[in-house]
Structures are given as C-alpha cells and as structure tokens.
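**Student:**
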Amino acid sequence: MGASATGAVTPPLGRVYSALALQVLISAGTYLAAKRAMTELSPFTVVLWRFLVCGVAFVALLVLTPGPKLPPRHAWPRVVVLGLMGGPVNQTLFFSGLSRSTAAHAALFYALTPLGVYVASLVLGRERASTRTTAGILTALVGVVVLLLGRGLASARGTLEGDLLILAAVVAWVVYTTEGKPLATEHGPLRATAWTMTVATLLQLPLAPFVLEPEAVWASSAMAKASIVYVGLMTSVVAYLLWSYALSKVPASRVAIFSNLQPAVTALVAWLFLDEALHWELALGGALVLVGVRLTQGAPVKPAPVVVRAG
Numbered sequence: 437m438g439a440s441a442t443g444a445v446t447p448p449l450g451r452v453y454s455a456l457a458l459q460v461l462i463s464a465g466t467y468l469a470a471k472r473a474m475t476e477l478s479p480f481t482v483v484l485w486r487f488l489v490c491g492v493a494f495v496a497l498l499v500l501t502p503g504p505k506l507p508p509r510h511a512w513p514r515v516v517v518l519g520l521m522g523g524p525v526n527q528t529l530f531f532s533g534l535s536r537s538t539a540a541h542a543a544l545f546y547a548l549t550p551l552g553v554y555v556a557s558l559v560l561g562r563e564r565a566s567t568r569t570t571a572g573i574l575t576a577l578v579g580v581v582v583l584l585l586g587r588g589l590a591s592a593r594g595t596l597e598g599d600l601l602i603l604a605a606v607v608a609w610v611v612y613t614t615e616g617k618p619l620a621t622e623h624g625p626l627r628a629t630a631w632t633m634t635v636a637t638l639l640q641l642p643l644a645p646f647v648l649e650p651e652a653v654w655a656s657s658a659m660a661k662a663s664i665v666y667v668g669l670m671t672s673v674v675a676y677l678l679w680s681y682a683l684s685k686v687p688a689s690r691v692a693i694f695s696n697l698q699p700a701v702t703a704l705v706a707w708l709f710l711d712e713a714l715h716w717e718l719a720l721g722g723a724l725v726l727v728g729v730r731l732t733q734g735a736p737v738k739p740a741p742v743v744v745r746a747g
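Take the sequence shown: its letter number 291 is residue 727 in our numbering, and every next letter is one higher.
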C-alpha cells in the first residue's frame, strides 16, 4: 500500500478486483441454484440447509487452520450482530418479502446497497465524502434501473408490504457490510467470516423443528441436493470469504459497488443456461454499471479525519 503526492492512500487492487469478480460470478450461480432447489423445497428449508452446510464447513476451517478458534471477548458483540444481520434477519426478511413482491423489485432495492454502505460509512466517520465516489454509485444505480426496465421492472407489481420487507433486508445487509469491515480488518477475512456465519447458523437452529424437513430433502432430486450444496459452500463460504477479504483491504463502499454488477451477470447466466432473451437494456445498463464501478474505484482512498480529544 502506497501514498500519492496528495497523501491519498492507494492500495494495490488487482487481487481485490479478482476476488470481487469471482464473488459476482459465484453469486450469479446462486440465483440459478436457489431457483432450482426451491422448485422442490420450501424457501425456508433451503435457507436453513444452506446455513447448516456452511456452518459445518466454517467450524471445520476454524479447527483445521491456525489461529484463534473463538472471537476475543471485545469482538463478541459485533460478531453476534453480524451473524444476526447476515443470517436470520437478512434471509427471513428477503424471502418473506420476495414471496409478496417481485424479483425485479428485489433487485432494484438491493441496488441501493452501495449507496447505503457509503452513507453509513460517512456517518460513522470511516470514509470521507468524494464527488467521484458519489457519481460512481449513482451512475451504477441508474445502470441497474435501465437493466431492470428491460427485464420487466415497469410492469412488475409487488405489494407495499413485500417491498418494505425487502428494503429491510437491504438495511440488514448494509449493516453486515459496514460493520463487517472492522472485524475483517482486525482479525482477517477467514476468522471474521467463520465466526459470523457460525453464529448465523446457531441463531437459526430454533427454526429446525419447523422447516428442516429432512424427509423432503432426502427425497428431493440429486440436482436439488447439489443446489443446496452450492449455495451452502460456494455462496456462503467461498463468496462470503471473498467479500470479507475485499472488505479487509479497501473501503466498504468500494466493495459494495460490485453488487450492482450482479443483475447484468445474472442476466447473462440466465441467457446461457435458461435460454432467457437478451435485450439492448442489458448492454446499456451493464455499461453504465461498469462506468460507475470504474469511477468509484478510481477515486483516491482518503483516510477518515482523526478526532483528537482533549484530556
């Protein structure tokens, strides 16, 4: 990590970009895998099994890798909050909202994540305001809207209740991303993610008697089981680790902006594997998102102002 002549911090971003690009690709596969699993199982059953799989994987990683197995005492409050926000709260609100709204509305609300993370980081004093970052986030948001208009956003109809639930899920994810950065920076992405996802799994265990449905899962097709393994290992372990790694290296707003690439990549994956049609809005919207991401990443990383207290 170096500094420019202006004193702005300019960290090497090659590995961060690669990690986030892979994270976006894995998340695009998540859409297909979850959709396939939910043709045979209830959404809440899929979510619970997803966290059971990732919980076992993260416990194994904690045991087999060097380093502390449990968080230090001072980190427990943040770990519990992150586990709650990234697990039961986010997932329950999202699936409950999606059942009452539409996928297009959900994608639009999640496109607000970078803006929410940026505002939260400014309020908490972890980032400094940047015209270029603001322009990049807003440009990417416009790109997502254009892309979603091509996928039926204008004709999509969802209930106000469903939209509010999805918006609340977005707030939970903003909290997870914003508060996850200090934990990942201090303890490393592996420990930070393993602790929070293990807690997320434990917090969902009380739901097991109601939604575990082991007989239904056992009777489901091999493809449905493989889909659960994918969202449990690839999404909840690999993708979350990549997200946490990026958070440990650069400001949270720079990480969050990559989530706006998701609708474009998902549309391409759906075209390849589900024979969904492509449209001009994908090209225009995707280009705007890329411009927004580039603007955001090009902004210098300025240290947050240090407050000196007397006495």
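Just so you know, even glycine gets a beta-carbon here, dropped at the ideal spot from N, CA and C. Because the structure is a prediction, the values reported are computed rather than measured.
DSSP on Met633, reduced to helix/strand/coil?
**Tutor:** Helix.
**Student:** Considering only the beta carbon of each residue, do Ala457 and Phe709 sit closer than 9 Å?
**Tutor:** Contact: no.
**Student:** Return helix, strand or coil for Lys471, following the three-state DSSP convention.
**Tutor:** Correct three-state label for Lys471: helix.
**Student:** Using 8 Å as the threshold, is the segment 500 to 514 in touch with the segment 641 to 660, meaning 3 or more CB pairs across them?
**Tutor:** Touching, no.
**Student:** Over the uninterrupted alpha helix (DSSP H) stretch that includes Arg690, give me the two end residues.
**Tutor:** Where Arg690 is concerned, the enclosing alpha helix (DSSP H) stretches over 688 to 692.
**Student:** What residue does the alpha helix (DSSP H) around Val611 start on, and which one ends it?
**Tutor:** Where Val611 is concerned, the enclosing alpha helix (DSSP H) stretches over 596 to 623.
**Student:** Using DSSP with H/G/I as helix, E/B as strand and the rest coil, what is Leu458?
**Tutor:** The answer is helix: DSSP assigns Leu458 an H, G or I state.
**Student:** If you drop the 5 nearest sequence neighbours on each side, which residues of the same chain put their C-beta closer than 6 Å to that of Ser680?
**Tutor:** So the list reads Ala620, Pro625, Ala628, Thr629, once near-sequence residues are dropped.
**Student:** Which residues in the same chain as Thr442 place their Cβ atom closer than 6 Å to its Cβ, once the five residues preceding and following it in sequence are excluded?
**Tutor:** The predicted position of Thr442 is uncertain, since its pLDDT is 39 and thus under 50; a value taken from the coordinates is nonetheless stated next. Cβ within range, chain order: n/a, list empty.
**Student:** The alpha helix (DSSP H) that contains Thr549, what's its start and end?
**Tutor:** Residues 549 to 559.
**Student:** Whose C-beta lies closer than 7 Å to the C-beta of Ala675 among residues of the same chain, with five residues either side of it excluded?
**Tutor:** Around Ala675: Gln459, Ile462, Ser463.
**Student:** Using three-state DSSP, classify Glu476 as helix, strand or coil.
**Tutor:** Looking at Glu476 - three-state DSSP - the assignment turns out to be coil, as it is neither helix nor strand.
**Student:** Counting only the same chain and skipping the five closest in sequence on each side, list residues whose C-beta sits under 8 Å from that of Ala723.
**Tutor:** Closer than 8 Å at the Cβ level, and outside the excluded window around Ala723, lie Gly579.
**Student:** Using DSSP with H/G/I as helix, E/B as strand and the rest coil, what is Pro508?
**Tutor:** Looking at Pro508 - three-state DSSP - the assignment turns out to be coil, as it is neither helix nor strand.
**Student:** Note down, in chain order, each residue of its chain lying with its Cβ closer than 8 Å to the Cβ of Gly747, except the 5 sequence neighbours on either side.
**Tutor:** Unreliable placement is indicated for Gly747, whose pLDDT of 39 sits below 50; no coordinate value is reported for it.
**Student:** Could you give the DSSP three-state label for Leu648: helix, strand or coil?
**Tutor:** Of the three classes helix, strand and coil, the one that applies to Leu648 here is coil, per DSSP.
**Student:** Compute the Euclidean distance between the alpha carbons of Ser656 and Gly491, then round it to the nearest angstrom.
**Tutor:** Cα-Cα distance, rounded: 22 Å.
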